Every structure is written in structure tokens, then in C-alpha cells.
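Below is one structure; the comments refer to it alone.
In our numbering, the protein residues as written are 194 to 309.
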């Protein structure tokens, strides 16, 4: 009984598929088993690629962040008052606090205005 069922299914399948003809066998073989350079290049370019978006998206961000940090580290530390500007001194004058270099500059400018 098992054998007869298989034969019946096979005949039914052959009857249903009898009108279907596979005409592109040569093209499929050429694509799956390339022989010439042209076919090999075509097969290579026809590959499906799966690219992970998260790593590909974060890699440029890490690169930009590294370049930004490197740029900041390599930039010379310039100060308006010269290289010693970061050692500014606070002074108290008249109950208020001022940077010493700015206070002296303002006082010198004010005295220069009154002398002329």
C-alpha cells in the first residue's frame, strides 16, 4: 500500500508538471559555476551582502570622536595674555575681586586717559 501511494503521487506530480519546461539551465549553471572571468565577476557582483548597520553606523562615530579628541590634545594652549595666563592671580580691591592682570590693564588705561 505504501508503494502504490508513492506511485500514485509520482504520476500525479508528473502529470501536473508535464507542461512546465526549464529552459534556462545553461544560464543557471553559468551563474552558479562560472568558467570565464566575465562570469566570475558577474557571480561576485551578484552576491547578496548582509551588512550589520549598528557596527557600521557606530564605527564612523567613534572615528570622529577620536579625531576630535586628538585635535583638542594637539592644539597648542593659547591664552590672550601669554603662556602664563593660566596662572592668573586674584586680588581684592575695594571689596571686590579682580584678576590682577585685567585690573592692572584697566588702571593703566585709566591713568593714561587722565595724563593726556
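Even for Gly, the Cβ is constructed at its ideal location relative to N, Cα and C. Small disclaimer: the values here were computed from a predicted structure and weren't measured.
Determine which residues share a DSSP beta bridge with residue 291 and list them. Residue 291 is bridged by DSSP to 284.
For the alpha helix (DSSP H) that residue 202 lies in, which residues bound it at each end? Its alpha helix (DSSP H) spans residues 195-210.
Using 8 Å as the cut-off, classify the Cβ of residue 203 as near or not near the heavy atoms of the ligand SAM, replying yes or no. In the structure shown, the ligand SAM is absent, as is every other ligand, since no ligand is present at all.
Where residue 299 and residue 255 are concerned, what is the direct C-alpha to C-alpha distance, given to the nearest angstrom? Answer to the nearest angstrom: the Cα atoms are 46 Å apart.
Residue range of the unbroken alpha helix (DSSP H) whose run includes residue 242: Per DSSP, residue 242 lies in no alpha helix (DSSP H) and is assigned neither H nor E.
For residue 211, which residues from the same chain have a beta carbon less than 8 Å from its beta carbon, with the 5 sequence-adjacent residues on both sides left out? There are no such residues.
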